[in-house]
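Protein chains in written order, with UniProt numbering: chain Z, 1 to 117; chain R, 1 to 561; chain G, 1 to 429.
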């Protein structure tokens, strides 16, 4: 084991993004955001709008006196929002992790032995 | 008896969670790492504490109580408001990392004009948000205390007392809107809702049966017809020739009106200054994003409960109205005349005087935590963005503090005066819940003037200072103008769109911003700004240093032990 | 996303429209909501699942037909041709492949037992007597003769079979050698219990077919080795000019900009670590992208504003698996041959997309540099090896062909002074 004291001090400052990389991540994230917003808008507009197309949506009965639309507005939408946000946030984090910075450099100094002859 | 035990258990739970997440005096480094676990949830609770005002605590249930399914659009909109925040705003805002919205826009667009314009807008939004909170405290006072002091009406007394109390607290510097207190306040609100929901359900309330029963006859609400109150059937806005029902849409909004309201609330959240200021305290951009996901989950839980309670109130109060004299006094034909009373009455029916007190306390907590957040945002914006930067650049810390306090006193006084000029009963016929409706105006203003500019500034390189100023002013003017027209025109065909004009004013603001930006010169350094706002280098560095430090601390601790 | 999903969305929309039209307007009285929704959902599901395969067309036979289905056919039709098609020994002479082969062969040779051996052991045995002739035993005595001579050996008497069990029902044997081109690696043995010999021609024919399979397997193995070697060579063969230039750039900045020097050194070490560390033929696109970024930032340090780069990347593509060290050479070509010769420099665009419906990953490397003269382009397209291009396109094409067979596309378009576009489409993995 080598003392990694000086490596830490060097490692601490070497995080750096170039404009081109940031621009790439930015545009990919924008695509993620716009895609999710489209789904979000579709559902939020669709729930009230479905009434006009489908009487069953607001007048049918699912559980006792609860119409599908009421159930959707009372619980379904909140679950949907949460799932959508979780999916978008996870995807965004994964994109950032892969598109900016490198793989973790913790293992900087254990490589001499693994070099091919 | 059971309800008291339940209450004690819930409060004990809140207390223990509060102790668990209490701020511990540790190094900044550990804070970064903890920020990835505990901090995210704590901050999410704090944002909820700021966000859930009287409009959410009393207003959503009141709106559901008054108009059934159509009242639920408030809850939907309030909860959905954080979706655009997750997608578009949370992480870049935190990464750019300034003190406040005006600071952010000013730095991003490298323009003083933007800073000044956004301070004006921010103050306007804060004022529009403060007034309904004051109205709500008046309503609570009216019901809970029931009489005024010094010859004033109970309502005016409530407004004045709450305003003076807050003003004193803020000016004496005793209130520090720490993350922790806001988080505990939110947990308290959630516990109160849970308590009420559980005892309502345990005492035999069935959601589905109540809905079937409520939807079996047309929706009718009390209306003041000069001589006295009487029940009048609600017109169905979707199908004017048929009656409106509790569990079906149409009780309050036409198709267009629903979208206008939802869009206003969805876009508005992203422009609320006291909420956005919270993002600057997150340790990293990623943490800010995950915090918002938590907020969406917690808000969903909260509003689902609020909707349930609103429905329960409609069903339960009607059943007991004939037998209980004090309920009969407040109702006409089994329906409350002021829908905001719904939760309070429900609390008293199930928990007696203590239940009423608990709900009232909850409402007051909601009001106070929101007002505190708003006034702090206002003070920050006056003190930091105006006083320190323009009036007295060499101000000492104390001077800036005094400037902020003076501004707070002024803003609070103005909001009290405006609240006093409103009588809740005079407006109830027009809106499902006056508190929720008035809060909507703040959302409209924020969504029209700030959010479009905000999103463009973050996601479009070509945005310029003049473009942003033009966009903000257009959005604000359109929102205020259309809102005023809506109030003046009263109950006309277009009034519901005029009162929630974001659907029109936000695209206007965006279009004007784009148009003016295209003919002016963007800031020179967009590459540098972009690296700072969308790059994760600073985040990675922070996490890395934190990890190394904790490892180092652990190692040293290991050697010592 | 765009080339597959949009038409699908349109088709689904049309389908729902049609369902609505039929169930609600044409049918009187209209169908119930539940039924309508059910019909629509079923139709949507069918479209979504059916659409990609319709778009992809029939798959190539070689890769898609699983061995087991062919095996079934061979059993039913019991023809020798079926054995030839099913190629049970395609993966070489192992106990598993031998077992499948004898099971396949035994019904063809009625009443007889079949065994396959390598040079020392019985690999598989099927038919009468399998109770004491087990796989894994030492080969019986006549095998050695067949192995040594490389010719078919006929055993007519029981005593010569070398079976110690007196109750063994087997009496005669035909032992034919199996070769993988030049070496005898094992034997095919056909026994009979009725005293007659199996027809020698049939057994030798079968042995010949199996030998061909073994030879193919050996060829495959060598080809894989060759690809491995090519990749190893590529790894070892980082262009020395690149290293010299980068080190020179870094050296020139040591005194003026220490922070940038340090960043460049870190990036250089990232670059070499990636080349050395990468194992196997595939990596996540995200990792390859990191490698490309590292490379580009080193080149940018050298060329400055003259080399600009623009990445346009689908979020889904980041986790897709792509062959290693394919994209960076394409980008390197674009910079070295496209932009370096242009005084005012230019932009390299790396665009990566995933089409989940056709299950393809498409990668496009485009530059607005000097372009490739048309006669040179023709020679490159013909697969001719370019001088000085160790990482030339032919190398890339060769590796892609050995990894994907026919299932990839590599297109080059270029106009002189207008830039070059390299399009690569590979199956999504």
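Think of the CB as a built atom: it goes at the ideal place given N, C-alpha and C, for glycine as much as any other residue.
Keep in mind the model is a prediction, meaning the values are calculated, not measured.
- In this structure, the alpha-carbon of residue 278/G lies about 20 Å from that of residue 242/G.
- The segment 297-306 of chain R and the segment 105-122 of chain R do not touch, with fewer than three beta-carbon pairs separated by less than 8 Å.
- In the structure shown, the three-state DSSP call for residue 121/G is strand.
- DSSP, read as helix, strand or coil, puts residue 311/R in helix.
- Per DSSP, the unbroken alpha helix (DSSP H) holding residue 299/G starts and ends at 285-303.
- Taking a beta-carbon distance threshold of 8 Å, residue 249/G does not count as an interface residue toward chain Z.
- For residue 321/G, there is no enclosing alpha helix (DSSP H); the enclosing beta strand (DSSP E) has its first and last residue at 321-323.
- CA-to-CA, the gap between residue 302/G and residue 398/G works out to about 31 Å.
- Residue contact check for residue 207/R against chain Z: a CB pair falls below 8 Å.
- Between the C-alpha atoms of residue 313/R and residue 33/Z there is a straight-line separation of about 39 Å.
- DSSP places residue 414/G in the strand class (E or B) of the three-state scheme.
- Against residue 258/R, the close residues of chain Z are 48, in the order they occur along the chain (beta-carbon pairs closer than 8 Å).
- The closest CA to that of residue 351/G, considering only 156/G, 245/G, 422/G and 214/G, is found on 422/G.
- Of all residues in the segment 59-78 of chain Z, only 59, 61, 63, 64, 65, 66, 67, 69, 70, 73, 74, 75, 77 and 78 place a beta-carbon less than 8 Å from a beta-carbon of chain R.
- Contact annotation for residue 21/Z against chain G: 293 [CB-CB distance below 7 Å, chain order].
- Counting the other Cβ atoms within 10 Å of the Cβ of residue 65/R gives 16 or more, which makes it buried.
- At least one CB of chain Z lies nearer than 8 Å to the CB of residue 263/G.
- Taking a Cβ-Cβ cut-off of 7 Å, the neighbours of residue 100/Z in chain R comprise 535 and 536, given in sequence order.
- At a cut-off of 8 Å, the C-beta of residue 26/G has no neighbouring C-beta in chain Z.
- Contact of residue 39/Z with chain R is not assigned, every C-beta pair being separated by 8 Å or more.
- The DSSP assignment places no complete beta strand (DSSP E) segment of no fewer than 3 residues inside the segment 132-205 of chain R.
- Using a CB distance cut-off of 8 Å, residue 24/Z counts as an interface residue toward chain G.
- Less than 8 Å separates the beta-carbon of residue 535/R from that of residue 22/Z.
- For residue 350/G, the enclosing beta strand (DSSP E) stretches over residues 346-355.
- Look at residue 362/G here: in three-state DSSP terms it is strand.
- At a cut-off of 8 Å between C-beta atoms, residue 318/G counts as an interface residue with respect to chain Z.
- Inclusion of residue 57/Z and residue 69/Z in the CB contact set at 8 Å is warranted, their separation being smaller than that value.
- Against chain R, the beta carbon of residue 51/Z has neighbours under 9 Å at 238, 248, 249, 250 and 255, listed in chain order.
- Using a Cβ distance threshold of 8 Å, residue 298/G and residue 262/G do not count as a contacting pair.
- At a cut-off of 8 Å, the C-beta of residue 72/R has a neighbouring C-beta in chain Z.
- Cβ contact annotation for residue 315/R (same chain, cutoff 8 Å, sequence separation greater than five): 205, 210, 213 and 214, in chain order.
- Listed in chain order, the positions of the segment 276-292 of chain G with a beta carbon within less than 9 Å of a beta carbon of chain Z are 276, 277, 284, 285, 286, 287, 289 and 290.
- For residue 187/G, the enclosing beta strand (DSSP E) starts and ends at 184-192.
- Annotation: the segment 14-89 of chain Z contains the following complete segments of the alpha helix (DSSP H) (minimum length 4 residues), in chain order: 19-53, 55-59 and 68-71.
- Per the C-alpha coordinates, the member of 325/G, 327/G and 320/G positioned closest to residue 360/G is 320/G.
- With distances taken between CA atoms, residue 147/G lies nearest to 175/G out of 128/G, 175/G and 155/G.
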